[in-house]
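Listed in order, the protein sequences are those of chains A and B. Going by the numbering used here, the first residue of the first sequence is number 149, and it counts up by one from there. Going by the numbering used here, the first residue of the second sequence is number 2, and it counts up by one from there. No residue lacks a Cβ here, since even glycine has one placed at the ideal position from N, Cα and C. Everything below concerns the one structure shown next.
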Amino acid sequence: MVKAGIASGFDFLWRTSGIDVPFRLIEYGPQNTNFDLLLVGVANTVLVSILGMVFATLLGFVVGVARLSKNWLVSFFATTYVEFVRNIPLLLFVFFWYFGVVRALPPPRSSIDIGGIFFLNNRGLSIPLPVEPGAFAIPLVLFAVGFAAFLALRLWGAKRQAATGQPFPVVAAALVLVVGVPGLAAVVAGMSTAWSVPALTGFNFRGGFALIPEFVALFFALVTYTAGFIAEIVRGGILAVSKGQTEAAASLGLKPGQTLRLIVVPQALRVMVPPMTSQYLNVLKNSSFGAAIAFPEIVSVFMGSALNNTGQAIEIIAIVLGIYLVVGLAVSLFMNWYNARIALVTR
Amino acid sequence: MNAIRWARTNLFATWLDALFTLACLALLLRYVPPVVEWAVLNATWNGNDRTDCAAGGACWVFVRVRFGQFMYGLYPAAQTWRVDLAAILLVAFVVPLLWNGAPFKKLFAFLTLVVYPPLGLWLLLGGFGLPVVETREWGGLMLTVFMAVYAGIGAFPLGVLLALGRQSRLPLIRSLSVAFIEFWRGVPIIAVIFLASMLLPLIVPAGVGVDRLVRAVVGLALCIAAYMAEAIRGGLQALPKGQTEAAAAMGLGYWKSTWFIVLPQALRISLPALANEFIALLKNTTLVLVVSLFDLLGIVHAALADPKWVGLTMEAYVFAGSIFWFACFGLSRWSAGLERRLSQGTRH
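Next comes the structure, spelled out in structure tokens:
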């Protein structure tokens, strides 16, 4: 290595990077260090992964449940979607969404206007942003308090039901405490603070927050692809709960909603959590497909740009792989903890 | 009458169902006719260049003109018979191996795993009487298949060893295997391909150049071996303990009992999972694009940059996508059928 003229050591982290990044969540410019560049990449990877996981789960649940629908047409639609998605490379999805969809959108002047506040065009998606994000502190606190109160109430409700047999309206309590009150506060906060709404000035949109086309394409690719796999997990989980369970619940006098919440979902979750964990880890790893369309995630900015600039392959590769391993480990530890909590307790 | 009854139970059972059915029908009517019109009715199939294509329809002329490149990359036209022969041999060896109930399974397994790798490599690369074709001239579908087959064949023995190592009673071997498996499973394949393309030249002795394609295949194989090891572990764990105990009671040592008793049964159980790993491998070969190798998707994508054919994005992706889809769908059907047969065999 010395012969090849390659420097070693981690000093390069504190040197100026000289690389500009078009999309960042934290303050950064080319005059910042390579370490800051790494942070920008990590933040982008985490952002697209978390959003991808959340929306893929939602879409996957819908498709998975639709596949089990008694309605022939609905289940046919869902089956077609799953079989289509699972047998095509993710890279093709990324290319399709980027070159086939986002890049083919109209220019900013004739962008697709969604409710007058979201604007979709070939430069990406412009979304409004509150001028003072601090206004949302109160709803956030309310959400945390409401969630804690809900957990306590549920515990108390379970105790009371065990003692007196009187059921406690858990769903209504959750709706009020976790969704209703903080939601209302958020609406109030949103109305009290000023919003920076994107507006067309000249050839592009100003104000708000612009999600670059690469982000939009990668996000949609991850969501549509992963949802196909999650749908199969959801379907398998629901099918794993034997029919006798729902019948027994009905004969005990549980209502359909209670049956679903107390009998079916807990047992289905037990089957679903391990494969879901590996799907979430896949989303994290697959966010690196952004490198193929130059979305500035960690592989693209660090293993690509920074490595070209500094030439310190071994250090950079070790850092990037290390980060993936650590974040992946964190996700699987959390999911294992969750799995242990809901696992069948056998005595 | 039956049709009406069927519709009433399966499409219009409740008001909500009817609503969903109507919504789905509306979607079908709205989107299917334009797609069919674009892809088939208004499409242009014959011609020589862009100007032959009618507006409002797909321009399949593009795929037709470029077909040779999409299949063989820049492989010299006079030599493409070698690629065809290699493909025919591959099919001839693999199909009897996968066919349920075909005879001589052991012979074909030997042909696929031992005879084919050097034979196919000789046909494609040349030497020993055939003109040499450098790997940088390879591309298209042949490169995709080459990488999937060679990475798969290379990864399989490693995966078996890793799975056995993970079950080993020796702590050192066990922890080494676990570390290896978890490491390669924990990092993105795109990063591994980068890693292989940058680090392999540093590891091998000076003077030995490592071909770019070899680096990519090694990177893919290392990753897939870890995933295969987990698939095989499932098979090993599903094997009743009585099998190894019986083997030990018969006086078989570890290697003999593993080779004759454990592996044949465990691999049979893990075949569907292994097939799914192979599908994932086939899809992931597209990632070699990041080290400038042009597999099927890469070469189709690159063809879009040609000013003569600019703007034919959908045609290109539909073509590449359907090849991948048919290959992966076929494999997954095969694996699902195998899984069904296996579960029937073990039902008590």
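Check                                                                                                                       : Outcome
Sequence-distant residues of the same chain with beta carbon closer than 6 Å to residue 168(B), five excluded per side      : 237
Three-pair Cβ contact test at 8 Å for the segment 284-292 of chain B versus the segment 235-248 of chain A                  : yes
Same chain, Cβ closer than 8 Å to residue 476(A), neighbours up to 5 away in sequence not counted                           : 429, 432, 433
Test item: CB-CB of residue 161(A) and residue 192(A) under 9 Å                                                             : no
Interface partners of residue 465(A) on chain B, CB under 9 Å                                                               : 192, 195, 196, 199, 200
Distance CB(residue 149(B))-CB(residue 279(B)) smaller than 9 Å                                                             : yes
Residue 32(B) classed as buried or exposed, judged by whether at least 16 other C-beta atoms fall within 10 angstroms       : exposed
Presumed contact (8 Å Cβ cut-off) between residue 226(B) and residue 159(B), rounded CB distance                            : 4 Å
Selected residue, minimal CA-CA separation from residue 437(A), among 229(A), 258(A), 367(A)                                : 367(A)
Alpha helix (DSSP H) segment containing residue 272(A), residue limits                                                      : Segment 272-275 is the beta strand (DSSP E) holding residue 272(A); no alpha helix (DSSP H) there.
Entirely enclosed alpha helix (DSSP H) segments - the segment 249-285 of chain B, minimum 4 residues                        : 255-258, 264-285
Cβ contact check for the segment 265-273 of chain A and the segment 299-314 of chain A: 3 or more pairs under 8 Å           : no
Under the three-state DSSP convention, the category residue 348(A) falls into                                               : strand
Residue(s) in a DSSP beta bridge with residue 278(A)                                                                        : 343(A)
Nonlocal neighbours in the same chain, by C-beta distance under 7 Å from residue 100(B), ignoring five residues either side : none
8 Å contact criterion, which residue 59(B) and residue 44(B) should meet: CB distance rounded                               : 4 Å
The segment 187-204 of chain A in contact with the segment 367-380 of chain A per 3-pair CB rule at 8 Å                     : yes
Cα-Cα separation, residue 168(A) to residue 443(A)                                                                          : 13 Å
Helix, strand or coil at residue 20(B) according to DSSP, with G and I counted as helix                                     : helix
Contact check, residue 80(B) vs residue 132(B), beta carbons under 9 Å                                                      : yes
Terminal residues of the beta strand (DSSP E) in which residue 360(A) lies                                                  : Counting along the chain, residue 360(A) falls outside any beta strand (DSSP E), and DSSP gives it neither H nor E.
Residues within the segment 305-329 of chain B neighbouring chain A, beta-carbon criterion of under 7 Å                     : 314, 315, 318, 321, 322, 325, 326, 329
Contacts that residue 248(A) makes with chain B (C-beta to C-beta distance below 9 Å)                                       : 314, 315, 318
C-beta atoms of residue 363(A) and residue 276(A) nearer than 9 Å                                                           : no
Residue(s) in a DSSP beta bridge with residue 353(A)                                                                        : 348(A)
Beta-carbon neighbours of residue 220(A), restricted to chain B and to distances below 7 Å                                  : 11, 12
Interface partners of residue 107(B) on chain A, CB under 9 Å                                                               : Residues of chain A passing the Cβ test: none, with the nearest at roughly 31 Å.
Extent of the continuous beta strand (DSSP E) run through residue 260(A)                                                    : 260-262
Exposure of residue 349(B), with buried meaning 16 or more beta-carbon neighbours within 10 Å                               : Caution applies to residue 349(B), whose pLDDT of 45 falls short of 50 and renders its modelled position unreliable; the value that the coordinates give is listed next. By the neighbour-count rule (16 or more Cβ atoms within 10 Å), residue 349(B) is not buried but exposed.
Proximity test, Cβ basis, 9 Å: residue 21(B) and chain A                                                                    : yes
Sub-9 Å separation of residue 220(B) and residue 194(B) beta-carbons                                                        : yes
Chain A contacts from the segment 259-293 of chain B (Cβ-Cβ distance under 9 Å)                                             : 280, 283, 284, 285, 286, 287, 288, 290, 291
Within-9 Å CB hit, residue 349(B) to chain A                                                                                : Annotation note: pLDDT 45 at residue 349(B) (below 50); position unreliable, coordinate value reported separately. Cβ-Cβ to chain A under 9 Å: no for residue 349(B).
Closest by C-alpha distance to residue 278(A), when choosing among 337(A), 319(A), 305(A)                                   : 337(A)
Simplified DSSP state of residue 54(B), which is helix, strand or coil                                                      : coil
Nearest candidate by alpha-carbon position, reference residue 190(B), set 25(B), 233(B), 216(B)                             : 216(B)
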